[in-house]
Ligand code: AMP
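In the numbering used here, the protein residues as written are 8 to 405.
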């Protein structure tokens, strides 16, 4: 897919101040970064700008501080890790109002090739409302804006959309280009057979994704908590498993649509059930269509794992978003593991749509076996829905 947007390669940045929106929303535990993938993914754009002699001003959100400074959501640990990765000092502008005295002073002192990181953009309540005043403040620091935050590009915020109106020039970064090229090509120009796998807890979150993917795929696999709504639509009984009753009719329509389009539609044939929602509890495997009243399904069963793995084995393109079960409990992670393993073994384009599936694949050590692991769960889902991402739309056309 050709992205008709200005890229970092189209910019003349020497001596210019370039504000880069990154997605440094990394998981932290007691102030320590537990997964640095998003930082690593941001390096190519930053390194390129440094090499070209730009003054590189980085910004990002972290978590949900809800418009006020929360010390535990400061980007200070990111500045430190980034300095190590770049082998170069990253000056952290520690302003509770993000664009404050520290930021202005740090930017004024920058030499070509220097790097400054601003504080968490969501310390400001205007950020998520895309209010003009904060967009202008951000833009006042730089001449050029680069959006490399794929994981935040589905949100129209000051630092992803608003800021583009008040800078001279804007472009997308390398990570953004890479994400869009991989996801876009996989979905719109797939080598076939094209198999998509959806899991997770809610049908309602993925309604438009299912509908859109049915136009594109050869096989659609549904697992996780959302599968039970489809089982009920087929006349099954699912006990106290997750069920969205108001989506049963929709589930029926989707299965009819699949039939009309000749798309193979797979839901789990068997399910691992328990009476209590925890790891250490007795479990057994039954037909997905006959789950007893007091029991709930927490994972796909062995037959389903085999069936899904077989469908994956023949594929030339696979896109996966959402776990097959409650993978946070080791006893109920086998379905999610089986899908990750099947994808890791094939010679095909394999794409992980961020979020829980990305975490699962990395935890299992299959990260380098996949063609592409998206850094954006929500953003990649909206992309799979066929939506345009506001953070991309707002950037200057080529
Ligand atoms: P989502 O946020 O919709 O992507 O869903 C991810 C969550 O779905 C994970 O936290 C899983 O534990 C949960 N999940 C997957 N399968 C099931 C299931 N059968 N029952 C309850 N929760 C599930």
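Every residue gets a Cβ at the ideal spot worked out from N, C-alpha and C, and that includes glycine.
Treat the numbers as computed from the prediction; the structure is a model and nothing was measured.
- Restricting attention to beta strand (DSSP E) runs no shorter than 3 residues, the stretch 295–333 encloses them at 303–307, 324–328, ordered along the chain.
- Only buried fits residue 129, as 16 or more other CB atoms lie within 10 angstroms of its CB.
- Residue 128 carries a helical assignment under DSSP once its states are collapsed to helix, strand and coil.
- Contact between residue 236 and residue 203 is absent: CB atoms are separated by about 17 Å, not below the 8 Å threshold.
- In the DSSP assignment, residue 154 falls within the beta strand (DSSP E) that extends over 151–154.
- In summary, residue 211 is exposed, with fewer than 16 beta-carbon neighbours lying within 10 Å of its beta-carbon over all protein chains present.
- For ligand 1, a non-hydrogen atom lies closer than 7 Å to the CB of residue 335.
- Within the stretch 233–262, the runs of alpha helix (DSSP H) at least 4 residues long that lie entirely inside it are, in chain order, 234–240.
- Collapsing the DSSP output to three states places residue 39 in a strand.
- Per DSSP, reduced to three states, the secondary structure at residue 348 is helical.
- Residue 151 is a Cβ neighbour of residue 18, given a cutoff of 8 Å.
- Between the alpha carbons of residue 92 and residue 383 lies a gap of roughly 21 Å.
- Cβ neighbours of residue 102 within its own chain (closer than 8 Å, five residues either side excluded): 108, 109, 110, 125, 126.
- Residues of the same chain with a CB within less than 7 Å of the CB of residue 86, apart from the 5 flanking positions on each side, are 97, 99, 124 in chain order.
- Placement of the Cβ of residue 341 at a distance of 7 Å or more from every heavy atom of ligand 1 is found.
- Contact annotation: the stretch 175–192 does not touch the stretch 223–231, with fewer than three C-beta pairs closer than 8 Å.
- Minimum Cα-Cα distance from residue 356 among the listed residues 188, 363, 282, 330 corresponds to 188.
- Taking a contact as a CB-CB distance under 8 Å, the pair residue 296 and residue 342 does not count as one, their CB atoms being some 17 Å apart.
- Within the chosen limit of 7 Å, ligand 1 reaches the beta carbon of residue 330 through at least one heavy atom.
- Residue environment analysis places residue 267 among the exposed positions, since fewer than 16 neighbouring C-beta atoms fall within 10 angstroms of its C-beta.
- Per DSSP, the unbroken beta strand (DSSP E) holding residue 273 starts and ends at 271–273.
- Of the candidates 373, 49, 193, 181, the residue whose Cα lies closest to the Cα of residue 387 is 193.
- In the three-state DSSP reduction, residue 285 falls in the coil class, being neither helix nor strand.
- Between the stretch 65–82 and the stretch 21–30, the count of Cβ pairs shorter than 8 Å is three or higher; the stretches touch.
- Under the three-state reduction of DSSP, residue 82 is assigned to coil, being neither helix nor strand.
- In the pairwise beta carbon analysis, the stretch 344–358 is classified as not touching the stretch 113–120: fewer than three pairs are separated by under 8 Å.
- Between the beta-carbon of residue 45 and that of residue 206 there is about 22 Å, and that puts the pair past the 8 Å contact cut.
- Between the stretch 130–150 and the stretch 70–79, the count of Cβ pairs shorter than 8 Å is three or higher; the stretches touch.
- Using a Cβ-Cβ distance cut-off of 8 Å, the stretch 388–397 and the stretch 364–373 are not in contact, since fewer than three pairs of beta carbons, one from each stretch, lie closer than that value.
- Note: residue 24 is bridge-paired with 62 in the DSSP secondary-structure output.
- In this chain, the beta strand (DSSP E) harbouring residue 97 covers 97–100.
- Per DSSP, reduced to three states, the secondary structure at residue 12 is strand.
- Counting the other Cβ atoms within 10 Å of the Cβ of residue 284 gives fewer than 16, which makes it exposed.
- Contiguous beta strand (DSSP E) elements confined to the stretch 163–195 occur at 176–179, taking only those with 3 or more residues.
- For residue 391, the shortest C-beta to heavy atom distance toward ligand 1 is 7 Å or greater.
- Here residue 382 carries a coil assignment [DSSP, helix/strand/coil].
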